[in-house]
Structures are given as structure tokens and as C-alpha cells.
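Notes follow once the structure below has been shown.
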Amino acid sequence: LVANDLRPPRSQQTSVGIRQGIGGGLVTVSYNGIRGTNGMNYVRVSGWGGLGPNYSTAFATDDRVRTWYDALQLQIERPLRADTRWGGSLAYTAARAREQGQSTDIFWGFDDRFPTVADRPILRAPGNQAHTIVANAIALLPYDLRVSGIVSLGTGLTANATNASRGRGPFNEFTYVYEPPTRPFLGVGRVFNTQNLDLRVEKGIPVVGGQTASLALDLFNAFNSRNFGCFDGFINPTAERPNANFNRPNCAALGRRVQV
Numbered sequence: 253l254v255a256n257d258l259r260p261p262r263s264q265q266t267s268v269g270i271r272q273g274i275g276g277g278l279v280t281v282s283y284n285g286i287r288g289t290n291g292m293n294y295v296r297v298s299g300w301g302g303l304g305p306n307y308s309t310a311f312a313t314d315d316r317v318r319t320w321y322d323a324l325q326l327q328i329e330r331p332l333r334a335d336t337r338w339g340g341s342l343a344y345t346a347a348r349a350r351e352q353g354q355s356t357d358i359f360w361g362f363d364d365r366f367p368t369v370a371d372r373p374i375l376r377a378p379g380n381q382a383h384t385i386v387a388n389a390i391a392l393l394p395y396d397l398r399v400s401g402i403v404s405l406g407t408g409l410t411a412n413a414t415n416a417s418r419g420r421g422p423f424n425e426f427t428y429v430y431e432p433p434t435r436p437f438l439g440v441g442r443v444f445n446t447q448n449l450d451l452r453v454e455k456g457i458p459v460v461g462g463q464t465a466s467l468a469l470d471l472f473n474a475f476n477s478r479n480f481g482c483f484d485g486f487i488n489p490t491a492e493r494p495n496a497n498f499n500r501p502n503c504a505a506l507g508r509r510v511q512v
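Under our numbering, think of the first position of the sequence shown as 253, with each following residue one higher.
Put into C-alpha cells, the structure is as follows:
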């Protein structure tokens, strides 16, 4: 059942920042915020199998989904100039995304404890990565060689998952926000879920007419890091054995590879 007076989704977006030169570098601090309203979900308006032998469950639209996003970023840069031999940047982002209702899957959030969107609590949103670090650097070497690299670290993306600890089936299972497991980085801590380092060596080769061609060697995922995804977050009923595949991945990013 789709209402004929649904309100168009809307958002208010705000960004503010300050940038300051310090010596030969730049420091930037910025904030980005988004407030979204009028998102749409379907909610159940009948019990399972409650409409007779030919139809199962009836659903109706509910356009009261709200979202909140806040991110703070610190970036330190050293630009590569003609009089310097190296440059690079380091950026750290702390982000929090929340929602009331489902912002990414309009059918996912069925929960008998909360029959409408307005009844649902404000929860962390799927697809939110709390902490992200991206660093890059480039250096000029003799014989017109350029060496560069970029490292990306992330705590992992949240996802929707099912908690069936009360039992299987309708009126027992409910959804929750799953956080992927983390692992050590360079042997330190258990902070990041994804870790990736890409490297490049490039040499300029003069050709006719004052032009220059380049020969480049790329090494992607240099440490062959195991960047897994699609984790199993299903929680079995308490009366059953725990889910043996809980926290196990079902997909992965590409491993180490070379490109010329």
C-alpha cells in the first residue's frame, strides 16, 4: 500500500573548515554534517499469513525515516614543489552515521517491537566506518625516478544483521547493526578491519619533440593484506548451538598484484 501523499526526501548539508599554512606545509580541520528527513520504508500492516489463503503479508509506506551524519577530518599536507624532493599528506576522519528507520534497505527493518518508523530507536547506520586513515607520499629520486605510495586503513563498515536469539521466524527475529572484527596493523593493536598499501615506481623517458613518456610499475596491496567482507552476523537462537560461521567472511578484496 503506497500512500499518494508521500513527502519528497530532503537533506540539510553543512560544512565548515579552517586551513593554515605552517612552514612548507598545510593543516586543515573540517566538519561535515548531514541531516536527512522524509526517507521511506515499508512497514507491516498485517501479521504473517493474515490475509487469507491467497496473500501473505500487507505492507504500507512510512515516510518518517530520519538520518544524521557527522564527520570531523584532520589533514596534514606537504605539497611537492619544484624546490623539494618529497611531498605527501596524512588524513584522519572520524565519522558517525545514525538513522531512525532504514536508510539503505526499505524492507529490512521489520521488528515486531517497533511497528512503525516513529517507534524505532535511533541506531547506528549500516555502511558507517567510524575511523579512516589515508596517507600518501611521493619522492623524486635520481635518474628521473619517482616513487610514491598510498596507505588506507579503516575500522570496517557496519552492516545489517539478524538476531534470532529469541527463536527463529516472525515475531522472534529482529535486526541489529553488526560491526566487523578488527585485527592488528603491523603487529600493533586490534584497530583496523581493512589495510591496504599501494606502491608505484615511475621513470620518465624523453622522446622526440621534447615530449616525455613514462614507464610505471605498480604494486597493489603490497603486503597482501587479507581485506575480508560480507561477514556472517547471524545470531542463532539460544536453544541452538552458536553460529559456527559468526564473524567469518564470505568475500574479499583482491590480493597482491603487479601492473606495468
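Idealized CB from N, CA, C, for every residue including glycine. Being a predicted model, the structure only gives us computed values, none of them experimental.
Alpha-carbon to alpha-carbon, residue j and residue i
i	j	result
Leu-324	Phe-472	28 Å
Ser-355	Val-295	14 Å
Leu-451	Ile-390	10 Å
Asn-290	Val-369	11 Å
Asn-499	Asp-396	47 Å
Pro-373	Gly-401	43 Å
Ala-496	Gly-421	20 Å
Arg-493	Asn-424	17 Å
Gly-304	Trp-320	40 Å
Ser-298	Ala-347	38 Å
Arg-408	Arg-376	Note on residue identity: the sequence assigns Gly, not Arg, to residue 408. One C-alpha to the other measures close to 13 Å.
Pro-260	Asp-315	9 Å
Cys-482	Trp-360	17 Å
Asn-388	Asn-380	23 Å
Gln-463	Ala-382	46 Å
As assigned by DSSP and simplified to three states, the class of residue i
i	result
Val-254	coil
Val-317	strand
Asp-371	helix
Gly-462	helix
Gly-304	coil
Arg-262	strand
Asp-357	coil
Pro-436	strand
Glu-431	coil
Cys-503	strand
Ser-341	strand
Leu-451	strand
Residue i and residue j closer than 8 Å at C-beta
i	j	result
Val-317	Gly-353	yes
Val-510	Asp-470	yes
Gly-285	Ser-263	no
Thr-414	Pro-378	no
Val-386	Thr-313	no
Thr-384	Thr-345	yes
Leu-392	Arg-337	yes
Nearest neighbour of residue i, chosen from the options [CA to CA]
i	options	result
Gly-485	Asn-380, Glu-431 and Gly-461	Glu-431
Leu-506	Val-281, Thr-446 and Tyr-428	Thr-446
Glu-351	Leu-332, Asp-322, Phe-311 and Arg-337	Asp-322
Thr-267	Tyr-283, Val-254 and Asn-256	Note that residue 267 is Ser in the sequence shown, not Thr. The option with the nearest alpha carbon to Ser-267 is Tyr-283.
Thr-427	Ser-417, Pro-433, Thr-434 and Arg-435	Ser-417
Pro-489	Gly-419, Glu-425 and Leu-449	Gly-419
Phe-475	Asn-256, Asn-293 and Arg-508	Arg-508
Pro-394	Glu-454, Leu-303 and Thr-319	Glu-454
Leu-258	Gln-272, Asn-293 and Ile-274	Asn-293
Pro-436	Ser-477, Arg-398 and Tyr-307	Ser-477
Ile-487	Gly-441, Ile-457, Asn-412 and Gln-265	Asn-412
Gln-272	Asn-306, Gln-327, Asn-256 and Ser-308	Gln-327
Thr-280	Tyr-307, Ala-343 and Ser-404	Ala-343
Gly-340	Ala-310, Val-399, Ala-491 and Asp-363	Val-399
Phe-311	Ile-274, Phe-362 and Ile-270	Phe-362
Leu-438	Val-403, Ile-457, Gly-461 and Gly-456	Val-403
Nearest-angstrom beta carbon gap, residue j and residue i [assumed within contact, 8 Å]
i	j	result
Thr-444	Gly-406	Note on residue identity: the sequence assigns Phe, not Thr, to residue 444. Indeed, because the Cβ distance is near 6 Å, the residues count as touching under 8 Å.
Ala-465	Val-459	5 Å
Asn-479	Asn-448	6 Å
Contact test: residue i Cβ vs the ligand ZN heavy atom, cutoff 7 Å
i	result
Gly-456	Summarising the ligand content, the structure contains no ligands, and the ligand ZN is consequently not present.
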